[in-house]
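To keep things clear, I will list the structure first and then write my remarks on it.
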Amino acid sequence: MKIMIIGVFGRAGRAIYREAQRRGHEVVGVAHRRHKHPVVDQLILKDIQALTKDDVKGFDAVIDAVGAWSTQTEVVHTLGLAHVIALLQGTKTRYLKVGGANTLYTDSEHHHQLQEYRRYYPRYMQDLCLAHSIGLEQLKDSHDVLWTYVTPPYNFDPAGHTTGHYQVTGDEYFPTPDPSDGQNDYISYSDYAKGMIDIVESHQYIGQQITLFSGNNPDPSQRY
1 MKIMIIGVFG RAGRAIYREA QRRGHEVVGV AHRRHKHPVV DQLILKDIQA LTKDDVKGFD
61 AVIDAVGAWS TQTEVVHTLG LAHVIALLQG TKTRYLKVGG ANTLYTDSEH HHQLQEYRRY
121 YPRYMQDLCL AHSIGLEQLK DSHDVLWTYV TPPYNFDPAG HTTGHYQVTG DEYFPTPDPS
181 DGQNDYISYS DYAKGMIDIV ESHQYIGQQI TLFSGNNPDP SQRY
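Just so you know, we're using full-length UniProt numbering here: the sequence shown kicks off at 1 and counts up by one.
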């Protein structure tokens, strides 16, 4: 398969790139600037909002792994997302977004989200939470786009071990008052990357928000 990874030099992007390459896929990375490492064989140096229809033409999947954390860059989760899905509208190319756990619903009626729990997402993170929430709503409101919003759990560990195992759930997470006591709230980047490429290969979960997790946080004193 031919896979594009936007944000290929970020931690999630690198993990997904390695997994896709390991399986023999043709992988093209997108980044807004060149990095000294790691080596990416095929690289498009463009801002996400500068991508064109010709850039995304012929891909089986576009994975948006952009990690933007500041108030200056978080618009990529809204404006950048909107730009890419407009390019993909009406095509057979899938769009998979590395989502934010803050968007998970904490009640079965879907009135509340995890971002409302300040012990999980304090005030300084609320702008970023809002950007992720808006981006998800843009996907839900889109038409003729083959999207999947792939949410990691609250604890998303860049240095965690590769177990090769993960589980898939939906768009709900029922938290405990203390984030350190959470259950089924953990996955390593490498296991998440495995799940992401499995989803691409299996053509599953189109038009859905899902969560990938591997189990409980192995070190509850740490948050990721």
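All residues carry an ideal CB built from backbone N, CA and C; glycine is no exception.
Sorted by chain position, which residues of the same chain lie with C-beta nearer than 8 angstroms to R11's C-beta, five sequence neighbours on each side aside?
-> Sequence-distant partners of R11 (beyond 5 residues in either direction) whose C-beta falls short of 8 angstroms from its own C-beta, in its chain, are G67, P158 and Y189.
What do you reckon, is the C-beta of A131 under 6 angstroms from a heavy atom of the ligand NAP?
-> In terms of ligand content, the structure shown is empty, and the ligand NAP therefore cannot be addressed.
Identify the residues that DSSP records as bridge partners of S188: which are they?
-> DSSP lists D157 as the beta-bridge partner residues of S188.
What residue from T169, V200, I197 and A193 has the CA that sits closest to D185's CA?
-> Minimum Cα distance to D185 is reached at T169.
Length at least 4, wholly inside the UniProt domain "NAD-dependent epimerase/dehydratase" (3–84): the alpha helix (DSSP H) runs in chain order = Counting only unbroken stretches of 4 or more residues, the alpha helix (DSSP H) elements lying wholly within the UniProt domain "NAD-dependent epimerase/dehydratase" (3–84) are 11–22 and 53–56, in sequence order.
Would you list the residues sitting across from T169 in a DSSP beta bridge?
-> The beta-bridge partner set that DSSP reports for T169 consists of T211.
Sorted by chain position, which residues of the same chain lie with C-beta nearer than 6 angstroms to S142's C-beta, five sequence neighbours on each side aside?
-> Sequence-distant Cβ neighbours of S142 in its own chain, meaning closer than 6 angstroms and more than five residues away, are I85.
Within 7 angstroms, strictly: CB atoms of L81 and G135 | Closer than 7 angstroms, so yes.
Who pairs with Y105 in a beta bridge, going by DSSP?
-> Under DSSP, Y105 shares a beta bridge with Q113 and E172.
Can you tell me the Cα-Cα spacing of L114 and H77, whole angstroms?
-> When rounded, the distance between both Cα atoms is 18 angstroms.
What's the C-alpha gap between Y105 and H112?
-> Taking the straight line joining both Cα atoms gives about 6 angstroms.
Which partner residues does T151 have in the DSSP bridge list?
-> Note: T151 is bridge-paired with T211 in the DSSP secondary-structure output.
Distance, Cα to Cα, K53 vs G13?
-> The straight-line gap from Cα to Cα measures roughly 21 angstroms.
Any chance the region 196–205 sits against the region 26–35, with 3 or more Cβ pairs inside 8 angstroms?
-> Result no; under three Cβ-Cβ pairs closer than 8 angstroms.
Could you tell me how far apart the beta carbons of V98 and V150 are, in whole angstroms, since I believe they sit closer than 8 angstroms?
-> V98 to V150, Cβ: 6 angstroms. Contact.
Pick out whichever of Q21, T71, Y95 and R33 has its Cα sitting closest to the Cα of K57.
-> It is Y95.
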